[in-house]
Amino acid sequence: MSAMLRKVSIVLAILALVTMIAACGGTSGSSSNGNVAAIIKGLDNPFFQAMQQGIQDESRALSTTVTVQAATSITDTTGQADKLQALAGQNYACYVVNPISGTNLVQPLVPISQAGKPIINIDNPISPQAAQSAGLKISTYIGTDNISAGKMAAAEMAKLLPNGGTVALIGGIAGDVTSQARLTGFQQGLPSNIHVIQTVAANWDRQTALTDAGNILRANPDLSGFFVANDDMALGVGRAISDAGKQGQVKVVSVDGIQDALKAIQTGTLSATVSQYPYTIGAMGMEACKAAMEGKTLPTSVTAPVLVVTQANATQALASFPKPFASYNDPFTSLIGK
Amino acid sequence: MSRIATTGQTGQSQAAATLRQLREPAFWADWTAAVALIILVIVFGIGSSTFLSWGNIQAILVAAAILVMLSVGQAFVILTAGIDLSVASALTLGSVVLGQAYSHGWNMVLACVLAILAGIAVGVVNGLVIAKAKITDFIVTLGTLSAAAGVALILSNGEPVTIISSFLLRLATGSVGPIPYFVIVAAVVAIVAHIVLFHTRFGTHLLATGGDPEAARAMGINTDRVKIAAYTISGFLAGLASILLAARIGAAEPAADTTFLLNSVAAVVLGGVSLFGGRGNIIGPVVGALLLTALVNGLTLLGVSQFYQQLAIGIIVVLAAMLMRYQR
Numbered sequence: 489m490s491a492m493l494r495k496v497s498i499v500l501a502i503l504a505l506v507t508m509i510a511a512c513g514g515t516s517g518s519s520s521n522g523n524v525a526a527i528i529k530g531l532d533n534p535f536f537q538a539m540q541q542g543i544q545d546e547s548r549a550l551s552t553t554v555t556v557q558a559a560t561s562i563t564d565t566t567g568q569a570d571k572l573q574a575l576a577g578q579n580y581a582c583y584v585v586n587p588i589s590g591t592n593l594v595q596p597l598v599p600i601s602q603a604g605k606p607i608i609n610i611d612n613p614i615s616p617q618a619a620q621s622a623g624l625k626i627s628t629y630i631g632t633d634n635i636s637a638g639k640m641a642a643a644e645m646a647k648l649l650p651n652g653g654t655v656a657l658i659g660g661i662a663g664d665v666t667s668q669a670r671l672t673g674f675q676q677g678l679p680s681n682i683h684v685i686q687t688v689a690a691n692w693d694r695q696t697a698l699t700d701a702g703n704i705l706r707a708n709p710d711l712s713g714f715f716v717a718n719d720d721m722a723l724g725v726g727r728a729i730s731d732a733g734k735q736g737q738v739k740v741v742s743v744d745g746i747q748d749a750l751k752a753i754q755t756g757t758l759s760a761t762v763s764q765y766p767y768t769i770g771a772m773g774m775e776a777c778k779a780a781m782e783g784k785t786l787p788t789s790v791t792a793p794v795l796v797v798t799q800a801n802a803t804q805a806l807a808s809f810p811k812p813f814a815s816y817n818d819p820f821t822s823l824i825g826k
Numbered sequence: 537m538s539r540i541a542t543t544g545q546t547g548q549s550q551a552a553a554t555l556r557q558l559r560e561p562a563f564w565a566d567w568t569a570a571v572a573l574i575i576l577v578i579v580f581g582i583g584s585s586t587f588l589s590w591g592n593i594q595a596i597l598v599a600a601a602i603l604v605m606l607s608v609g610q611a612f613v614i615l616t617a618g619i620d621l622s623v624a625s626a627l628t629l630g631s632v633v634l635g636q637a638y639s640h641g642w643n644m645v646l647a648c649v650l651a652i653l654a655g656i657a658v659g660v661v662n663g664l665v666i667a668k669a670k671i672t673d674f675i676v677t678l679g680t681l682s683a684a685a686g687v688a689l690i691l692s693n694g695e696p697v698t699i700i701s702s703f704l705l706r707l708a709t710g711s712v713g714p715i716p717y718f719v720i721v722a723a724v725v726a727i728v729a730h731i732v733l734f735h736t737r738f739g740t741h742l743l744a745t746g747g748d749p750e751a752a753r754a755m756g757i758n759t760d761r762v763k764i765a766a767y768t769i770s771g772f773l774a775g776l777a778s779i780l781l782a783a784r785i786g787a788a789e790p791a792a793d794t795t796f797l798l799n800s801v802a803a804v805v806l807g808g809v810s811l812f813g814g815r816g817n818i819i820g821p822v823v824g825a826l827l828l829t830a831l832v833n834g835l836t837l838l839g840v841s842q843f844y845q846q847l848a849i850g851i852i853v854v855l856a857a858m859l860m861r862y863q864r
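In order, the protein sequence lines correspond to chains A and B.
Residues in the first sequence are numbered from 489 upward in steps of one, following the numbering used here.
Residues in the second sequence are numbered from 537 upward in steps of one, following the numbering used here.
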C-alpha cells in the first residue's frame, strides 16, 4: 500500500470505529431527567459569579438539580452558543439563559423550544424580532430595566452635583444593549445643569476603564463626575481618580452592585451605585423553572429589584449582600407555593 | 513518514513494515491530533452518555465548521513558513460588511459576496506587504489584525447589527438528510483544499516555497506570487467563514474574538503542519480543529466548570505539543 492509501485507510478506520461506538452509544431518552440547565455570561465578572450563586442556592432550596455553564469571557458569543448546543442535546427539563447578545443563543434555542421545554430568559433580553423569526417560545423574561437604572443613576448624580457640572460617560463594549440602555437612561435623566462632555467604550474591562478615565481627567481637569456602565469598570475609574489625587472631588456613579463596589462606596472611592441583584435574578430564574416544570403559566416579564446604594446605606447593603436590603415583589413564590 | 521500498514485497513483510512504523515515535507525532481525538472520544464517551449521541456529534461538527475553515486557510499560510494573525479580524470584517450591506436593504447574495471580498482584500494586503515589501509575516498580519478590526468598528459605528434572514437561518439549522449544511460547507472546503495542495502544480509550488524558498526560486517558482496566493486563500476562507458566523449568532458583531485566531494556529500545529513550512497536509488541521471543539463540548457535557475547562485545554495542548517533539 502506498503511504497515502495507508493514511486514508487509517482515517476511515477511525471513522468506522467512532460510528460503531456511536451506534451502540447513548440514546437520548424522550423523557427529561427533571434537571435544570443554566447558561450565563462569563465568570470573569463578579456580577455573574453572584448570578451563578443565586441559581445554585435557590436550586438547593427547591431540591432540584442544576448545571450551570458560563461563557469563557464577556465577548465569547460563539463559545456560549456552542455550550448551549451541547446542553440542548442532554435533555434537561428547563433552561435558564442569560445570552451575551440579543441573538447569539437564538439558533441553539430552536430545538429546545421545538421540544416544548421552558426557556427562562434572565438579565439580558433575547431580541424579540430574532426570537419571532426563529419561532422561539420564551416562557418568561426576568431582568432589570437598564434604562430606568440609568435614570436612577442620573438622579443620584444630580444630588451629588447640586450646582451642576460636567460628566464623562464610560460604557461597556461598544454597541452592547445593556451598556447602551444604561447610558441612554442616564442621559435622559440628567438635569439641565449637568453636561456630558465625552463618552468612551471601555469593553467592561477595569484596566481599559482606568486608562480611559486617566486620559479624560488629564484632558478635562475641571471634570465633576463619571457615570460608568458597570461596577467592575467603575473600580478602575476610582483608581484613576485617586492616582490623579482627586479622590472625593470627582464623583463616580455606576450600575451593578458588586461587593467590592459597595465597600468602595463605604470608603468614599466610589460615590454611588445602582444595585441590580444578579443573585436574586438567578434565584428567580430557578423559581420560574420550578413553576414551569410544575406546569404553571408564567408572567411574560418580571422586573427584578433595583436599589440605589450610597454612603448612607452602604453598610446595610453590604450586610445583606448578595440579597437586596429592602423588600421586593417576587411573583414566582406564590406560583410554587413557597 | 519513512517510505519502505515496496517492490516485490510479500504480505508478511508489509505487515512487519507497518508494525515497525507504529513503533516509531515519529509516526505518532505526525498523527498527534488524531491520537488525541481518539483518546478524547473514548474518555468522554465513557464519561457522558450523550457525548457519542448523533445529536451531539452533529453539534460538535457544526460548532467546528468555522474553525475548520479558518484552520485550512491558516494551514496554507503556515505551509509557506508564514503565519496569518489577521484571521480573527478578517472574520469580523466580513461579517460586519455582510451586516451593513444587508441592513441597508441589499440582496443577501450580494452581501455574502461582499463579505468574501472583504476577506480577500485583507488577504491580498497581507500577501503584497509580506511578499513585495519583504516585512516579517508576524508583524504584518499583527498590523492587519488591528487595522481590519478598526475598519470593522468604523463601518459598524461600533454597534452590532442583528441579521434576520431566512437564508442564513436555514444555513445554520438546515441539513441534507442527517448532515447539516455547515458541515457540508466545511467538508467541501477541506476536500477542495486537499486537492489543490496535493494534486495541482500550485500546491507543489506552495510546499516547495515553504520547504526551501531558495531552491524553489532556483527551480523557477515565483515564490512571491505563491505567498500572495496563500494569504489570499486564508483571507478568502475567513470571508467565507464570516457568512457562517453571521448565520450562527444571528448578528454582525464588531468586537473581534481572538479565540478563533489562537485555535486556528493550534489546530494547524497540532495537525502536524510544521511552523517552518513545507511539511504537512489538510486533514491534520481539520482533525486539530475537531479536537479543540470536541474538547470544549465534552468538558461542558461532563459539567466541568469554566475555570477548570481552560486549565484542561491548556494541559492537553501542551501534552500534544510535547508528543510533537518527535516529529522529524
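Cβ coordinates follow ideal geometry from the N, Cα and C atoms, glycine included.
Since this is a predicted model, take the numbers as computed values, not measurements.
query, result
"Cutoff 8 angstroms: A599(B) Cβ touching any chain A Cβ", "yes"
"DSSP three-state assignment for T698(B), whether helix, strand or coil", "strand"
"Whole-angstrom distance between G813(B) and L671(A), CA atom to CA atom", "50 angstroms"
"Span of the beta strand (DSSP E), counted from its first residue to its last, around N703(A)", "First-last for N703(A): R694 to A707, but that is the alpha helix (DSSP H), not the beta strand (DSSP E)."
"Alpha-carbon to alpha-carbon, Q594(B) and I715(B)", "8 angstroms"
"Run of the alpha helix (DSSP H) containing I574(B), from where it starts to where it stops", "T568 to G583"
"Cβ-based burial, K571(A) [other Cβ within 10 Å; buried from 16]", "buried"
"Where A553(B) sits in the DSSP three-state scheme", "helix"
"Proximity of L704(B) and A830(B) at Cβ, strictly below 8 angstroms", "no"
"Inter-residue spacing [alpha-carbon to alpha-carbon] between I601(A) and N612(A)", "Looking at the sequence shown, residue 601(A) is not Ile but Ser. Answer to the nearest angstrom: the Cα atoms are 18 angstroms apart."
"Collapsed DSSP secondary structure at I824(A) in the structure displayed", "coil"
"Alpha carbon of K826(A) to alpha carbon of A717(A), nearest angstrom", "35 angstroms"
"Cβ-Cβ separation, D673(B) to S770(B) (assumed contact under 8 angstroms), whole Å", "Incorrect: roughly 11 angstroms between the Cβ atoms, too far for contact."
"Distance, I666(B) Cα to N609(A) Cα", "48 angstroms"
"Extent of the continuous alpha helix (DSSP H) to which L595(B) belongs", "At residue 595(B) the sequence reads Ala, which differs from the Leu that was named. Taken as a continuous stretch (DSSP letters only), the alpha helix (DSSP H) holding A595(B) covers W590 to L615."
"Cβ-Cβ separation, T632(A) to V794(A) (assumed contact under 8 angstroms), whole Å", "5 angstroms"
"C-beta contact flag for Q610(B) and V732(B) at 8 angstroms", "no"
"Own chain partners of G618(B) with C-beta closer than 6 angstroms, once the 5 adjacent residues on each side are dropped", "D673"
"Other residues of its chain near D760(B): CB distance less than 8 angstroms, five sequence neighbours each side excluded", "A667 and K668"
"Positions along the region 616-639 of chain A whose CB lies within less than 8 angstroms of some CB in chain B", "Q617, A618, S621 and A622"
"M772(A) beta carbon less than 8 angstroms from that of L550(A)", "no"
"Nearest-angstrom Cα separation, counted from D793(B) out to G775(B)", "15 angstroms"
"Simplified DSSP assignment, three categories, for D818(A)", "coil"
"Alpha-carbon to alpha-carbon, G652(A) and S667(A)", "24 angstroms"
"Short CB-CB distance (under 8 angstroms) between T543(B) and chain A", "Its pLDDT being 49, under 50, T543(B) is placed unreliably in this model, and the coordinates cannot settle the point."
"Where the region 542-564 of chain A meets chain B: residues whose CB sits under 9 angstroms from a CB there", "T555, V556, Q557, A558, A559, T560, S561, T563 and D564"
"Any chain A beta carbon closer than 8 angstroms to P821(B)", "no"
"Residue environment, H683(A), which counts as buried when at least 16 other CB atoms sit within 10 Å", "exposed"
"Any chain A beta carbon closer than 8 angstroms to N758(B)", "no"
"Close Cβ partners of T543(B) (< 7 angstroms) along its chain, the five nearest in sequence each way excluded", "Its pLDDT being 49, under 50, T543(B) is placed unreliably in this model, and the coordinates cannot settle the point."
"Residue burial classification, D664(A) (beta-carbon count within 10 angstroms, cutoff 16)", "buried"
"Pick from G816(B), A825(B) and V805(B) that is closest to V854(B), judged by C-alpha positions", "V805(B)"
"Straight-line Cα distance separating L593(A) from S730(A)", "40 angstroms"
"Exposed unless 16 or more other CB atoms sit within 10 angstroms - verdict on G660(A)", "buried"
"Euclidean distance between Cα positions of A643(A) and L588(B)", "55 angstroms"
"The region 567-594 of chain A: positions lying closer than 8 angstroms to chain B by Cβ", "G567, A569, D570, K571, Q573, A574, L575, A576, G577, Q578, N579, S589, G590, T591, N592 and V594"
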